[in-house]
Amino acid sequence: MKKSYIFIFILVLFVGFNAKAQTCTPDPAHALTPGIFPDSATNFLPGTVNVPYVQNITVTVPVDTQVVPFPFPAVPFDSIHMVSMTGLPPGLSSMCSPGICTWNGGTSGCSGISGTPTTAGTYPLTIMVNAYLGGATTPIPQTISYYKIIIAPAVGIAENTVFTFDVKQNMPNPFSGKTTVRFTVPGEEKVKFCVYSMLGKIIMERKIDAAKGENEIDVDGKNLAGGMYFYTLEYKGKTVTRRMMVSNY
């Protein structure tokens with residue numbers, strides 16, 4: 006229960022593990038509203054290969070949080086610290102302000118991602134953070150995996166690109182909520198996506214109108230029991246099988 010109550014506020018940290026030369030400035034319009042701007046529903050701006058990319062983010066940490074439901078008192082939010090971030094598209098880097106990537110309770114800061122992307126694709130971000138509450142020295146770790154950056158191919162080459170049938174490993178993996186399966190196909194075609202239990206029982210089945218090039222499938226695992234599953238993607242009689250792990254925590 007503790008994690009579920011503080012999770013929404015830990016989202017404010019998510020960008021900028023490596024401090025770079027670029028700078029950022031918090032948006033004063035969001036200085037009094039705890040959260041992250043843009044939020045997870047809006048997500049990050051898309052980019053294009055070989056075109057400079059900039060994403061600015063304002064973060065505001067609350068003064069306290071309700072760890073245990075009312076009538077128990079709220080617990081002071083000491084700070085949130087960024088531990089690591091993975092998944093940025095090649096060519097992009099991140100920074101945060103303050104540069105130590107720590108935000109104290111009741112303060113605003115900012116993060117930024119910039120650079121020139123070199124490879125097209127959809128890049129889910131995985132961010133590890135530690136929250137410090139009520140003067141405790143032991144952090145409460147969290148993993149944030151709701152954000153992604155989509156990089157489009159460079160203008161003028163997309164139609165000439167040759168794609169093969171390929172299925173990537175789902176990301177994140179293991180997962181407890183939602184995960185994404187990315188795949189490419191040579192041309193427009195219906196594909197069949199299935200998820201199986203370890204005993205071979207079909208848990209999920211979809212038929213998808215795939216577009217030429219890269220596609221993605223979002224898988225909701227909130228109703229799946231923890232454990233190992235298999236997923237398959239079938240395209241024109243060819244089938245690729247991979248494993249995914251559901252971790253209920």
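Number 254 marks the last residue of the sequence shown (this note's numbering); no jumps. Built from N, CA and C at the ideal position, the CB exists for glycine as well. In this text the structure is predicted, and so the values were computed from the model without any measurement.
Quiz prompt | For P95 and K241, the rounded distance between their alpha carbons | solution = 32 Å
Quiz prompt | Residue burial classification, L138 (beta-carbon count within 10 angstroms, cutoff 16) | solution = Here L138 is buried. Its C-beta has 16 or more other C-beta atoms within 10 Å.
Quiz item: Which class does A34 belong to by DSSP, given the choice of helix, strand or coil?
Solution: helix
Quiz item: Span of the beta strand (DSSP E) holding C101?
Solution: It spans L97 to S102 - the beta strand (DSSP E) in which C101 sits, taken as one unbroken run.
Self-check item: Residue burial classification, V167 (beta-carbon count within 10 angstroms, cutoff 16)
Solution: It counts as exposed.
Practice problem: Compare the Cα-Cα distances from A79 to each of H86, V68 and S89 and report the closest residue. | Solution: V68
Quiz item: Leaving out the 5 sequence neighbours to the left and right, which residues in its chain are closer than 8 Å to T244 when beta-carbon positions are compared?
Solution: T237 and L238
Practice problem: Indicate whether M133 and S89 have their beta-carbon atoms separated by less than 8 Å. | Solution: Yes. Within cutoff.
Exercise. Mark R248 as exposed unless 16 or more other C-beta atoms lie within 10 angstroms of its C-beta, in which case mark it buried.
Key: exposed
Quiz item: Going by DSSP, which residues form a beta bridge with Y137?
Solution: S84
Practice problem: Measure the alpha-carbon distance for P129 versus A215 and round it to whole angstroms. | Solution: 20 Å
Quiz prompt | Given W108 as reference, the closest of G205, D223, P31 and T246 once Cα atoms are compared | solution = P31
Self-check item: Of the listed residues I222, I213 and S99, nearest to T185 (C-alpha basis)
Solution: Taking only the C-alpha atoms, the option nearest T185 is I222.
Quiz item: Anyone know if the C-beta pair for G120 and Y58 falls short of 8 Å?
Solution: yes
Self-check item: Alpha-carbon spacing of S252 relative to G110, whole angstroms
Solution: 30 Å
Exercise. Could you check how far apart the C-beta atoms of F49 and Y152 are, in whole angstroms? I think they sit under 8 Å.
Key: 6 Å
Quiz item: So is V196 buried or exposed if we call it buried at 16+ other beta carbons inside 10 Å?
Solution: Per the 10 Å Cβ criterion, buried.
Quiz item: Between the C-alpha atoms of V172 and S113, what's the straight-line distance to the nearest angstrom?
Solution: 41 Å
Quiz prompt | Buried or exposed by the 16-neighbour rule on C-beta atoms within 10 Å, applied to A136 | solution = By the 10 Å Cβ count, A136 comes out buried.
Exercise. Assign N228 to one of three DSSP states: helix, strand, or coil.
Key: If DSSP states are grouped into helix, strand and coil, N228 belongs with coil.
Quiz item: Among residues of its own chain, excluding the 5 on either side of T246, which ones have a beta-carbon nearer than 8 Å to its beta-carbon?
Solution: F235, Y236 and T237
Practice problem: Buried or exposed for Q147, please, with buried defined as at least 16 other CB atoms from any protein chain shown within 10 angstroms of its CB. | Solution: With 16 or more Cβ atoms within 10 Å of its Cβ, Q147 is classed as buried.
Quiz item: Using a Cβ-Cβ distance under 8 Å, would G192 count as near chain C?
Solution: The structure shown contains no chain C; it holds only a single protein chain.
Quiz item: Hey, how far is the Cα of E219 from the Cα of F188?
Solution: 6 Å
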